[in-house]
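To keep things clear, I will list the structure first and then write my remarks on it.
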Amino acid sequence: MSGPMSRGNIYVVTGPSGVGKGTLCALLLEANPALRLSISATSRGMRVGEQDGVNYHFKTKEAFEAMIAHDNAEPNPEKHHLLEWAEYNGNYYGTPRAAVEAALSQGNHVLLEIETQGALQVKRKFPEARLIFIAPPGMEELERRLRGRGTEADADIENRLRIARHEMTLQEQFDHICTNADLQACLLDLREIIPNPSPI
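Numbering (our numbering), first residue to last: 288 to 487.
In structure tokens form, the structure reads like this:
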């Protein structure tokens, strides 16, 4: 008879907007079927092609602020609605706690693709979580990628670049730094960090 199931761990992938986090996480999930993606909640509007519950849990600003107020008033973090949250570029983003806890208790590793502020909050609540910072090869390349997406106005891109410069100063607080100069090489680095679970 097998022993008790080992609990999974949290792996947090973060880095500046446009660095390729989403693509890398999608490839990681494809290669590791036992890895579970935590779907974040956000108060930002839905973009073309996005689906509620698939890309994000889309919430109104009022509903998001109600969750934050509940957590601020609740001294026991295990009763919080959100594992972490941050305000980024005028919108709220956060990780619903219940789904993450359920996946961990089933022995699955959970992948969080979140903002840098939120990643550091997770580490405070879950010291065993592994934080991975995806860095661009340089700010010029990051700007090229952001402009190449064609989804944002110049003012939004400038704001994202300003935020990115600040985020780059926080790298040393992370457990791992992977530079995404080449997608496949960066993916290999991530697969070294995030183990496949042992077969039962």
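Beta carbons: idealized from backbone N, C-alpha and C, even for Gly.
The distance from the Cβ of Ile421 to that of Gly302 is about 3 Å, consistent with a contact at the 8 Å cut-off. Collapsing the DSSP output to three states places Ala321 in coil. The residues Asn467, in chain order, have a CB closer than 6 Å to that of Gly307 in the same chain once the five nearest residues on each side in sequence are set aside.
Comparing alpha-carbon positions, the option among Tyr379, Met455, Ala321, Ser293 lying closest to Gly332 turns out to be Tyr379.
Between His463 and Ile419 a beta carbon distance of about 5 Å is seen, short of the 8 Å cut, so the two are scored as contacting. Taking 8 Å as the upper bound for CB-CB distance, Leu475 and Leu314 are not in contact here, some 10 Å apart. With fewer than 16 other Cβ atoms inside 10 Å of its own Cβ, Leu470 counts as exposed. Under the DSSP definition of a beta bridge, Ala422 partners with Thr466. One thing to note: Ala328 has its Cβ within 7 Å of the Cβ of Gly381.
One Cα belongs to Ala390, the other to Asn483, and the distance between them is close to 15 Å.
At the C-beta level, Gly394 and Ser293 come within 7 Å of one another.
Distance from Ile480 to Arg384 at the Cβ level is roughly 23 Å; contact not present, criterion being Cβ atoms closer than 8 Å.
In the structure shown, the three-state DSSP call for Val397 is strand. In this structure Val341 is exposed. Its beta-carbon is surrounded by fewer than 16 other beta-carbon atoms within 10 angstroms. The three-state secondary structure of Pro303, taken from DSSP, is coil. Here the C-alpha atom of Phe351 lies approximately 26 Å from the C-alpha atom of Glu445.
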